[in-house]
Amino acid sequence: MSNTFHQVYIQAVFAVKYREALITNECKSKILSIIGNLINETGCKTIIINGTEDHVHCLLALKPTISVSDLMKLVKGKSSKFINDHQLTKYKFEWQEGYGVFSYSKSHIDAVFKYIANQEEHHKKQNFRDEYSSFLNKYNVKFDERCVFENLI
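For reference, each letter of the sequence shown is one residue, going 1 to 153 in the UniProt record's numbering.
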């Protein structure tokens, strides 16, 4: 649409079902690449994607013609299908239901980029559950912890 201008930056965070450590060093770069390509195929722009064995962070510029929920449904659905079709993980792969999405102004993008790039080091000090809870608290998102995290098997 002509005369439509936008600058919407978001960070999406989502976890492997039951937070299982299925994203190994052997398959990580392929999984992150697939996620980035899926984001770009929607017309959004991938800035950085990184994570650990049990979750992923995606920083992207959101295109206003796609909703966050449609983007996440597409990315999580198609990436898990690709992972399973190509047997990138040892066991059946699924993403946990839901996701976190947090918005940022342009002035915060460098800091968020560095945070995501440094995931491995960051998670030597803080687990995913604590990290995710701190995001929700930082952004004053009311939540019931029983509903946020699926029970481990």
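Every residue gets a Cβ at the ideal spot worked out from N, C-alpha and C, and that includes glycine.
Since we're looking at a predicted model, the values are computed, not measured.
Under 8 Å, do ALA12 and CYS58 count as touching if we go by C-beta distance?
As a working note, residue 12 is residue 12 in the sequence shown. As a working note, residue 58 is residue 58 in the sequence shown. Their beta carbons are under 8 Å apart, which means ALA12 touches CYS58 by this criterion.
Rounded to the nearest angstrom, what separates GLU53 and VAL8 at their Cα positions?
Your numbering for residue 53 matches position 53 in the sequence shown. Your numbering for residue 8 matches position 8 in the sequence shown. Taking the straight line from one Cα to the other gives about 28 Å.
Along the chain, where does the alpha helix (DSSP H) containing HIS57 start, and where does it finish?
For the purposes of this step, residue 57 is taken as residue 57 along the sequence shown, with counting starting at 1. Unbroken run through HIS57 is the beta strand (DSSP E), 55-61; no alpha helix (DSSP H).
Between SER29, SER133, ALA15 and ARG19, which lies nearest to residue 155 when the distance is taken from Cα to Cα?
Only positions 1 to 153 of the chain appear in this structure, which leaves residue 155 out of reach.
Apply the 10 Å Cβ neighbour rule to LEU152 and answer buried if 16 or more other Cβ atoms are within range, or exposed otherwise.
Locating residue 152 in the sequence shown gives position 152, counting from the first residue. Reliability fails at LEU152, whose pLDDT of 46 lies under 50, so the model's placement of it is uncertain and no value is given.
In this structure, does DSSP put TYR115 in helix, strand or coil?
Along the sequence shown, one-based indexing puts residue 115 at 115. The answer is helix: DSSP assigns TYR115 an H, G or I state.
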